[in-house]
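> The numbers in the sequence shown follow this note's numbering, run straight up by one, and end at 221.
The beta carbon of each residue, even a glycine, is placed where N, CA and C say it ideally should be.
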Amino acid sequence: MAIISIASTKGGVGKTSLAFSLAKDLGYRYATNDMSVVLQKYKHARYYPSKIPLYENTVYDFGGFDAPNSDEILLQSDIILVPTTNDLNAIMKSLVFIKKYREKTILVFANMIDNPNDAATIKAKIHAHFPNLAFTYLRRTKLLKNALESGMSARELYQSSKHNQHLYRQSYEEYNKILRLFETDGHYFKVSKNND
Numbered sequence: 026m027a028i029i030s031i032a033s034t035k036g037g038v039g040k041t042s043l044a045f046s047l048a049k050d051l052g053y054r055y056a057t058n059d060m061s062v063v064l065q066k067y068k069h070a071r072y073y074p075s076k077i078p079l080y081e082n083t084v085y086d087f088g089g090f091d092a093p094n095s096d097e098i099l100l101q102s103d104i105i106l107v108p109t110t111n112d113l114n115a116i117m118k119s120l121v122f123i124k125k126y127r128e129k130t131i132l133v134f135a136n137m138i139d140n141p142n143d144a145a146t147i148k149a150k151i152h153a154h155f156p157n158l159a160f161t162y163l164r165r166t167k168l169l170k171n172a173l174e175s176g177m178s179a180r181e182l183y184q185s186s187k188h189n190q191h192l193y194r195q196s197y198e199e200y201n202k203i204l205r206l207f208e209t210d211g212h213y214f215k216v217s218k219n220n221d
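#1: What is the residue span of the beta strand (DSSP E) that Ser55 lies within?
#2: Are the beta-carbon atoms belonging to Ile105 and Leu158 less than 8 angstroms from one another?
#3: Closer than 7 angstroms by C-beta to Tyr196: which residues in its own chain qualify, once you throw out the five before and the five after it? Chain order, please.
#4: Where do the ends of the beta strand (DSSP E) carrying Arg71 lie?
#5: In terms of residues, what are the limits of the beta strand (DSSP E) holding Leu163?
#6: Does Thr130 come out as helix, strand or coil in the three-state DSSP assignment?
#7: For the pair the region 32-46 and the region 106-114, tell me if three or more CB-CB distances fall below 8 angstroms.
#8: Buried or exposed: where does Ile203 fall if 16 or more other Cβ atoms within 10 Å of its Cβ makes it buried?
#9: So, is Ala153 buried or exposed, given that buried needs 16 or more other C-beta atoms within 10 angstroms?
#10: Please confirm whether Val133 and Thr110 have their CB atoms less than 8 angstroms apart.
#11: Taking the C-alpha atoms as reference points, what is the distance between Tyr213 and Gln101?
#12: Quick one: give me the first and last residue of the beta strand (DSSP E) that Asp86 is part of.
#13: Should Asp86 go down as buried or exposed, given a rule of 16 or more other Cβ atoms within 10 Å for buried?
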């Protein structure tokens, strides 16, 4: 059971598709301050244009902007997932964001990665400032995008056919690493806290 926030002030880094799949696979609510197709695809999704309520067992998807009422939720979150891409502006915005919330448990995930070397480059840039920060990556894939468009979670789409299991095998393994953080023995499993 957890309050999970996926947040970045940079748009286009893949927050929404990951938030949707995690919420659906965990059976959690999905809450956002930004209009999203998730509202049509997931019955437990809600849009809050002003103040977002704090709920347990919820994945919060904060839009790519500074939302005035997101701070309270972020400070109460059990974990904050910070997506970034191999783009200097995205990495810079991630570092600024991490500095603000460095007392929280944070997992940085490099998203839309073309190869593991790109992930290693991003990790080095993040760890130059926050050396103990938990880090993972998701390669460039249509798994999360196609899952969202179909209304299925990444797990549901992956398991829906042998063809999809072959097509998405590597990217599903990477997604499943993140999912397993919240499924260990049915309880929330924390990654290490940061030390900068």
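With the structure as the only source:
#1: Correcting the residue identity first, residue 55 is Tyr in this sequence and not Ser. Where Tyr55 is concerned, the enclosing beta strand (DSSP E) stretches over 54-57.
#2: Pairing Ile105 with Leu158 gives a Cβ-Cβ distance that is not under 8 angstroms.
#3: Contrary to the premise, residue 196 reads as Ser rather than Tyr in this sequence. In the same chain as Ser196, and ignoring 5 residues on each side of it, the C-beta atoms closer than 7 angstroms to its own belong to Leu163, Arg164, Thr166, Leu168, in chain order.
#4: 70-72
#5: 159-164
#6: In this structure, Thr130 counts as coil in the three-state DSSP scheme.
#7: The count of Cβ pairs closer than 8 angstroms, one atom from the region 32-46 and one from the region 106-114, reaches three, so the stretches are in contact.
#8: buried
#9: Exposed is the call here.
#10: Going by C-beta atoms, Val133 is not nearer than 8 angstroms to Thr110.
#11: Here the model assigns Tyr213 a pLDDT of 45, short of 50, so the residue's position is not dependable, and the following value carries that caveat. Near 15 angstroms, if we compare the C-alpha coordinates of Gln101 and Tyr213.
#12: Counting along the chain, the beta strand (DSSP E) containing Asp86 begins and ends at 83-86.
#13: Label assigned to Asp86: buried.
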